[in-house]
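Take a look at the structure set out below.
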Amino acid sequence: MAKDIIVFDLETKKEFAEVGGREHPELLGVSMLCAYSYNDDKFSAFEEGELKDFESMLKNAGLLVGFNIRGFDLPVLQPYVGMNLKKLNFLDMMDGVVNAAGFRVSLDNLAKNTLGLAKSADGLQALEWFRQGKIQEVKEYCLKDVEVTKKLYEFGKANGHVKFVSRYSPEPQILKVDWSAAVADDGPQLSLI
Numbered sequence: 035m036a037k038d039i040i041v042f043d044l045e046t047k048k049e050f051a052e053v054g055g056r057e058h059p060e061l062l063g064v065s066m067l068c069a070y071s072y073n074d075d076k077f078s079a080f081e082e083g084e085l086k087d088f089e090s091m092l093k094n095a096g097l098l099v100g101f102n103i104r105g106f107d108l109p110v111l112q113p114y115v116g117m118n119l120k121k122l123n124f125l126d127m128m129d130g131v132v133n134a135a136g137f138r139v140s141l142d143n144l145a146k147n148t149l150g151l152a153k154s155a156d157g158l159q160a161l162e163w164f165r166q167g168k169i170q171e172v173k174e175y176c177l178k179d180v181e182v183t184k185k186l187y188e189f190g191k192a193n194g195h196v197k198f199v200s201r202y203s204p205e206p207q208i209l210k211v212d213w214s215a216a217v218a219d220d221g222p223q224l225s226l227i
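Per my numbering, residue 35 is the first one in the sequence shown, and the count goes up by one each step.
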């Protein structure tokens, strides 16, 4: 069987203000992790106590795909798994967007303007649902984010661009991306070559 491509997203139990700031994503805790497996052609959802099942999926992963996973999802997930996640091949779609645009663009902005899809809520709403014990709402939101991320990844990979609206122009702008290549992250690139 070919190595799997896994698209994933996670939601947290805490916000940055509760853990001493953005320098400590590993302290946020995972309330829900959702993933799509191309090999299995299915979406899955994992609560905190089920993350070992997701780790099993990772063992056959040739590529992890997500939006802002380098700076957020991977560090949040790291305490739950027995492998260095940044050594896996991954594609952080936000990296490609920042490299092309020169600034961050939200997943919601890209999805609306590229695909005509909107996210169902945001991470702070998911955190509030978690605190209220509304786990099904967190799951549905997280699964929707994975679906949107998957569709945006497929569009960008197939077409070499995505679209966004900036605060300077109400018209959607084309942003060239190359999501056909993956990188294994062993830390900062120190070479100029």
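The beta-carbon is built from N, C-alpha and C at its ideal position, and this holds for glycine as well.
- Judged by beta-carbon spacing, Glu45 lies within the 9 Å limit of Phe164, meaning their Cβ atoms are closer than that value.
- As computed with DSSP, Asp43 is found in a beta bridge with Cys68.
- Annotation for Ala79: the continuous beta strand (DSSP E) segment containing it runs Lys76 to Glu81.
- With contacts defined as CB atoms closer than 9 Å, Val211 and Ala145 fail to qualify as a contacting pair.
- Rounded to the nearest angstrom, the Cβ distance from Val99 to Val182 is 12 Å, too far for a contact under 8 Å.
- Straight across, the Cα-Cα distance linking Tyr114 with Gly83 is about 9 Å.
- Apart from the 5 residues on each side of it in sequence, Val53 sits with its Cβ closer than 7 Å to the Cβ of Leu61 and Leu62 in its chain, given in chain order.
- Scanning its chain for C-beta atoms nearer than 7 Å, with the 5 sequence neighbours on each side dropped, one finds around Tyr72 the residues Asp38 and Ile39, in chain order.
- Per DSSP, reduced to three states, the secondary structure at Ser200 is strand.
- Taken atom to atom, the span from the alpha-carbon of Leu67 to that of Leu122 is near 18 Å.
- Distance from the Cα of Leu125 is smallest, within the candidate group Asn118, Arg104, Met117 and Leu111, for Arg104.
- With respect to the 9 Å criterion, Val172 and Ser65 are classified as neighbours on the basis of their beta carbons.
- Apart from the 5 residues on each side of it in sequence, Leu141 sits with its Cβ closer than 6 Å to the Cβ of Phe101 in its chain, given in chain order.
- In the three-state DSSP reduction, Lys121 falls in the helix class (H, G or I).
- The C-alpha of Lys76 lies about 8 Å from the C-alpha of Ala69.
- The shortest CA-to-CA distance from Ile208 to any of His195, Ser200, Arg201 and Ser214 is the one to His195.
- Contact between Cys176 and Ala95 does not hold, since their C-beta atoms are separated by about 18 Å, which reaches or exceeds 8 Å.
- Apart from sequence neighbours up to five positions away, the residues of its chain that approach Lys47 with a beta-carbon distance below 8 Å are Leu62, Gly63, Val64, Ser65, Glu82, Leu161 and Phe164, ordered along the chain.
- Here the alpha carbons of Lys86 and Asp74 stand approximately 18 Å from one another.
- The alpha-carbon of Asn193 is positioned some 21 Å away from that of Ser200.
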